[in-house]
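See structure below.
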Ligand code: 13P
Ligand code: SF4
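Structural data, given as structure tokens:
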């Protein structure tokens, strides 16, 4: 059966059966859209049970996916940790390709599927394994810390990986005066401002976060009297204006602690939609940009992915073995921090 052949049917009991979901998600999904989403959500839930699959969704997934079908949600670190410990034989990653590769490297015996193979990332495509080898030759002895937003081949050339949630800890755990930090220049300069370790940076950028400006943030703060939370992939003048800088999961933890009346999230658009369900009393101002790669994942292609077991993500064994060492080093830093 081709993807186009399957169309789930509306049934009158769907609204009643999913009334908790509709109430929880609130205005993040306009009420007119539920008749489109609910038949897909119901069909995916059924197929997921039949397949014994687990669906992991990044914080930037649309709310009907994040709240409607995901079993595990969170930032890149949370998804990597979940993949490393899941018992499920089948993992569907609702996120971008590097996240699915990370899951496959950490869970090599499981089948890892991504609904759209073209869901890439401007950071991951900014650097190759050859670039990393050239940087090592230019800075002999300096360890390489690589953001997870990279290909498996780049991870394989690295000493350790990090995410935006643990970059400072991983850099400091290397025990070196100088570290090559790749590939996000803005995350790198933010990390450099938090540590005495000298960082060699690469000119990679997130195409979503690089478009925010300090002026836009000042305007948002003054016009809406909002607290400002920004992702560390934003340019330095944006981060200087922010009340808090952190990963997508850390943003939720900050809101929980601070309970601001009104907040502007300077990050991908779906973040505010997804957090609004958790914090209905907070008013969200949305000066946000969409990630075109994250938005390639849809309810119909998640269903096709489960139905036809497409698209399995594979990483060559030798690359995976080396990349796993770098990823495990990152997970180990997290375990030591919690100990
Ligand atoms: P985190 O989920 O680690 O905050 O990263 C954001 C991001 O851009 C992932 O693509
Ligand atoms: Fe990559 Fe930026 Fe999209 Fe994240 S938001 S997947 S870093 S392009």
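Numbering (the working numbering), first residue to last: 185 to 523. By construction, the Cβ of each residue, glycine as well, lies at the ideal position given by its N, Cα and C atoms.
CB contact flag (residue i, residue j, <9 Å)
i           : j           : result
residue 451 : residue 340 : no
residue 338 : residue 366 : yes
residue 428 : residue 410 : no
residue 212 : residue 473 : no
residue 336 : residue 461 : no
residue 497 : residue 466 : no
residue 256 : residue 232 : no
residue 243 : residue 454 : yes
residue 481 : residue 246 : yes
residue 347 : residue 261 : yes
residue 327 : residue 360 : yes
residue 383 : residue 398 : no
residue 370 : residue 334 : no
residue 275 : residue 297 : yes
residue 240 : residue 287 : yes
Closer than 8 Å: residue i CB and nearest the ligand SF4 heavy atom
i           : result
residue 478 : yes
residue 373 : no
residue 475 : yes
residue 452 : yes
residue 306 : yes
residue 445 : no
residue 345 : no
residue 333 : yes
residue 393 : yes
Contact test: residue i Cβ vs the ligand 13P heavy atom, cutoff 8 Å
i           : result
residue 457 : no
residue 349 : yes
residue 431 : yes
residue 309 : no
residue 302 : no
residue 417 : yes
residue 242 : yes
residue 280 : yes
residue 472 : no
residue 390 : yes
residue 403 : no
Neighbour-count burial assignment, residue i, 16 or more Cβ in a 10 Å radius
i           : result
residue 389 : buried
residue 220 : exposed
residue 445 : exposed
residue 279 : buried
residue 475 : buried
residue 194 : exposed
residue 431 : buried
residue 248 : buried
residue 200 : exposed
residue 234 : exposed
residue 342 : buried
residue 236 : exposed
Assumed close pair residue i, residue j - CB separation to whole angstroms, cut-off 8 Å
i           : j           : result
residue 381 : residue 363 : 5 Å
residue 499 : residue 285 : 6 Å
residue 349 : residue 259 : 6 Å
residue 344 : residue 332 : In fact, because the Cβ distance is near 11 Å, the residues do not count as touching under 8 Å.
residue 190 : residue 405 : Contact doesn't hold; Cβ gap of about 47 Å is too wide.
Closer than 8 Å: residue i CB and nearest the ligand HEM heavy atom
i           : result
residue 260 : For the ligand HEM, the structure offers nothing, since it holds only the ligand 13P and the ligand SF4.
Bridge partner(s) assigned by DSSP for residue i
i           : result
residue 368 : 388
residue 396 : None, per the DSSP bridge assignment.
residue 276 : 239, 297
residue 362 : 382
residue 344 : 329
residue 450 : 414
residue 496 : 297
Cutoff 9 Å: residue i Cβ touching any chain B Cβ
i           : result
residue 458 : The chain inventory of the structure shown lacks chain B, comprising one protein chain alone.
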